[in-house]
Structure formats: structure tokens, C-alpha cells
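With the working numbering applied, the sequence shown covers 18 to 240. Think of the CB as a built atom: it goes at the ideal place given N, C-alpha and C, for glycine as much as any other residue.
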Amino acid sequence: MIEENVKKLLSEIPAKNPFGEKVTLVAAVKLQSVENINRAVAAGITDIGDNHVQEFREKYAEINGCPKRHFIGRLQTNKIKYLLGKVDLYHSADRYNLAEELSAKSLAAGIISNILLQINAGKEETKGGFLPEEAETAYQKIKALPALKIKGIMAMLPLDASESELKSLAAEMRKIYDSLRKEDDDFEYLSMGMSGDWKICIDAGSNMIRLGTSVFGARNYAK
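What follows is the structure, encoded as C-alpha cells:
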């Protein structure tokens, strides 16, 4: 099933978004076995994203094929040390103190960490991230930190929003992305879109989508 899902997705996902940018599929591997992850990579997945540090640590050395590694979950500052130098892109820089700590630890290790600023697109109390109106200030403040490179923004759209609301929010995220990109040549990723809304997000200009269920099927939370 995984192989069929990957083949189907790779045929359905456009090579480029309406802005002419390459679209990258990140397979969200939360609660997936090493076997399932390796099957997805063998089938053509080039990027995988973890939500939990413990899972990342347990499976890191067992993943075949050298896919790019993304951390897409909320990150606690005291767990940065387990990911440092192993993650290609942190999607969830959702608060200043996290960026500050990641900067300090990266500087001490002599590396540059690539991050995305997480924007709380729907202003949901249950989600982290900077509010849309805070994006510019957050960018300027975090941009000044050493050993970090801001590569774009990440957003999660509300699960209960209507299609018209999703389109409007996705378009707003693209506007924020374009506004910040004018100031920064390092900007290249608008990470937005999950299994239920990725088509809307790509149409609005997302160039990176994070899919779990569409790749692996429904997760078994009883594990």
C-alpha cells in the first residue's frame, strides 16, 4: 500500500506550483515503523519529517537511502541537543526563546541550522507560532541571531475551516512569504499543506507539503 500511495502522490503532485517553484513532498513519519519509512524512501520519498524527538533518536541510524531530515513538530529547548547537526530543516521555530537556544547551541557546535518561522495562520489558541501580523517583527528579531539561516515560513491551516477560508488563509501565508523573501535571498520554502488541504495550498503557492496519512494510511495511535 505504501508503495502504491507514494507512486500515486508523485504522479498527482505538480512538479511546480503556480509561481514556477519546485514542490517538495515531506513524508510525515510520526508513529511509523522503520520498515514503513524505508519502504516509502525506496518508493521515491526524498524527504522525511519527524514530530517527536524520541522517535527521531530511536530511528535515525536505521533509515536507509539518506533522505533529507526535517523536524516538523513542536520542539522543546532542552531537546535541541539530540537533533543538532542531524536535521536539515527545522519547520517549527514558533517562538523567540526556541530560536535563541537553537542559535546558541548551533554557534557552540560550529554549525548553521536552517529554520522556518512558524506562522499561526488561523490564530488558533491551541497552536503555536507567530501571528501573521507578528511575522515581520519576528523575522527581523530572529534574523539577527547567529548560526541560524531562515529558509522560509511554515503554516498549518485550521482543520475545521471551510474551503473558502482555507484558500484565503493560504493566500495570506503566500503574501507573508513573498514580503519576507524580498528582504532575504535565503528564503526558498513555504511549507504549507497536509493530507487534507495540500491541493489548496499548492494552488496558493506552497512549495513544500507535509503528508503522513496520504503516504502511510491512517496512523495507529494505540501503539
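What does the Cβ neighbour count give for Asn-224, buried or exposed, with the cut at 16 atoms within 10 Å?
By one-based count along the sequence shown, residue 224 stands at place 207. It is buried - the Cβ of Asn-224 has at least 16 other Cβ atoms within 10 Å.
Once DSSP output is grouped into helix, strand and coil, what is the label at Gln-71?
As a first step, residue 71 is located in the sequence shown; it is residue number 54 there, counting from the start. In the structure shown, Gln-71 sits in a helix (DSSP, three-state: H, G or I).
Met-190 lies in the alpha helix (DSSP H); which residues open and close that run?
For the purposes of this step, residue 190 is taken as the residue at position 173 of the sequence shown. Counting along the chain, the alpha helix (DSSP H) containing Met-190 begins and ends at 180-198.
What does the alpha-carbon distance come out to for the pair Thr-41 and Ser-179?
On the sequence shown, position 24 is the one that residue 41 refers to. On the sequence shown, position 162 is the one that residue 179 refers to. Each residue's alpha carbon lies about 25 Å from the other.
Indicate the three-state DSSP secondary structure (helix, strand or coil) for Gln-157 in the structure shown.
In the sequence shown, counting from the first residue as 1, residue 157 sits at position 140. It is helical.
Cβ neighbours of Gly-90 in the same chain (closer than 7 Å, five flanking residues each side left out)
Taking the sequence shown and counting its residues from 1, one reaches residue 90 at position 73. Excluding sequence neighbours, Gly-90 sits near Asp-67, Asn-68, His-69 and Ser-109.
Kindly indicate the opening and closing residues of the beta strand (DSSP E) around Val-58.
Position 41 of the sequence shown, counted from the start, is the residue given in the question as residue 58. Run containing Val-58: none in the beta strand (DSSP E); it sits in the alpha helix (DSSP H), 51-60.
Along the chain, where does the beta strand (DSSP E) containing Ala-172 start, and where does it finish?
Translated into positions along the sequence shown, residue 172 becomes position 155. Element bounds for Ala-172: 165-172.
First and last residue of the alpha helix (DSSP H) that includes Phe-233?
Position 216 of the sequence shown, counted from the start, is the residue given in the question as residue 233. Taken as a continuous stretch (DSSP letters only), the alpha helix (DSSP H) holding Phe-233 covers 230-233.
Option in Ile-62, His-87 and Ile-19 with minimal Cα separation from Met-171:
What you label residue 171 is simply residue 154 of the sequence shown in a count that begins at 1. It is His-87 whose Cα lies nearest to the Cα of Met-171.
Between the segment 226-236 and the segment 186-205, do at least 3 Cβ pairs fall closer than 8 Å?
no
Unbroken alpha helix (DSSP H) run spanning Lys-122, endpoints:
Against the sequence shown, residue 122 aligns to sequence position 105. Its alpha helix (DSSP H) spans residues 113-126.
Between the segment 78-87 and the segment 113-120, can you find at least three pairs of beta-carbon atoms closer than 8 Å?
no
For Asp-214, count neighbouring Cβ atoms within 10 angstroms of its own Cβ and tell me buried if that reaches 16, exposed if not.
Along the sequence shown, one-based indexing puts residue 214 at 197. Result: buried.
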